[in-house]
Every structure is written in C-alpha cells, then in structure tokens.
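Visitor: Before I ask anything, let me first share the structure, which is written out below as structure tokens.
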C-alpha cells in the first residue's frame, strides 16, 4: 500500500480524468515537501473527499467505501491536513469534518446546520464575492491587517432538520 502514485495504475473506480490527475500531482508534491509518500490509502482518501461534494466525517468516509481502519483514516487525514491538501472543520456538533483545500477544489463557503451539525458547500456568485472582499477591506482598513483569504458561514437549519 505504499507504492508511489506515478507508478501505480488507478484502482478500479478511481478517477482518471485530467482534473483528478492534476489534483493527485499536487497532493503528491505537497506530501513530498513534508517528506511523506502518496500511498494508495491517501490517494483513496483524496478521491473520496473529491467525490463527497461537502465536508464529511470519518464514519461517512467509511460508509462511502474507505478501506482503511478508523485509526488509519485519522492518521492519514492528519498527514494530508499537515501537508495542506485537506482542511479539517468543526461544526456545531463538535464532530470533525474533512474536505479538500481550496487549492485542490474551488473557493466556496459553508452552510452550517445548528440542529445536526451538517456542513454543505455553497459557491457564491462573483458579484457577492467581490462585495464581501470589498466590505472586509473597508472594515479592516483601520486594523493594519492584510486579508489573504476569507471564509463565510451561513448558520441555520438544513432541509432535513427543518
């Protein structure tokens, strides 16, 4: 399970399109910078997170077909987080959820359910993104603080809990 990604064919069911290949090349590079290898288990996690379309918990990863033990999932997610490939989020239920970083996916924000803790991704129109960036710049102009990026959460009740 510790084969290098460049020499290993894709296991059945794993994506082979150009975008997925670019993501795998980026993750491989990120891991190399931290002296880690892109093992098949880590590759599978990246595939599962890419397919998830929202931040997911460890049990959800297991339900979606992760073949590693729970302890291996935690360990590999921590390594992927450390190298900058995965972002860990805590929701209102204090359960960790994981997603690919925006470098590997796209800029987005989150809808947070206060009843069940579910997090969903939401992509805002460019006009709203520009307005948010402008408002942040204006609000922080007196703070001597330089904004590199932003995260925006809309907190409420999901359609399942409503």
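In the numbering used here, the protein residues as written are 67 to 228. All C-beta atoms in this analysis are idealised placements derived from N, C-alpha and C, irrespective of residue type, glycine included.
1. Do you know whose CA, among 96, 109, 195, lies nearest residue 173's CA?
2. What does a CB cutoff of less than 8 Å around residue 90 pick up in its chain, not counting 5 residues either side in sequence?
3. Excluding the five sequence neighbours on either side, which residues of its own chain have a C-beta within less than 7 Å of the C-beta of residue 242, listed in chain order?
4. From this set, 87, 99, 97, 141, which residue's C-alpha is nearest residue 116's C-alpha?
5. Within 10 Å of its beta-carbon, does residue 82 have 16 or more other beta-carbons around it, so buried, or fewer, so exposed?
6. If the criterion is Cβ atoms closer than 7 Å, does the pair residue 154 and residue 140 meet it?
7. Between the beta-carbon of residue 223 and the beta-carbon of residue 181, is there less than 7 Å?
8. Which of the three DSSP states is assigned to residue 108 in this structure?
9. Given a cut-off of 7 Å, decide if residue 178 and residue 221 are closer than it, judged by their beta-carbon atoms.
10. Quick check: what's the CA-CA separation for residue 191 versus residue 126?
11. Is the beta carbon of residue 189 sitting closer than 7 Å to the one on residue 202?
12. Whole angstroms is fine: what's the gap from residue 138's alpha carbon to residue 144's?
13. Since residue 170 contacts residue 92 with CB under 8 Å, what's their CB separation in whole angstroms?
Guide: Quick look at the numbers:
1. 195
2. 71, 104, 109, 112
3. Residue 242 is absent from the model: the chain starts at 67 and stops at 228.
4. 87
5. Its pLDDT being 40, under 50, residue 82 is placed unreliably by the model, and nothing is read from it.
6. no
7. yes
8. helix
9. yes
10. 29 Å
11. no
12. 10 Å
13. 6 Å
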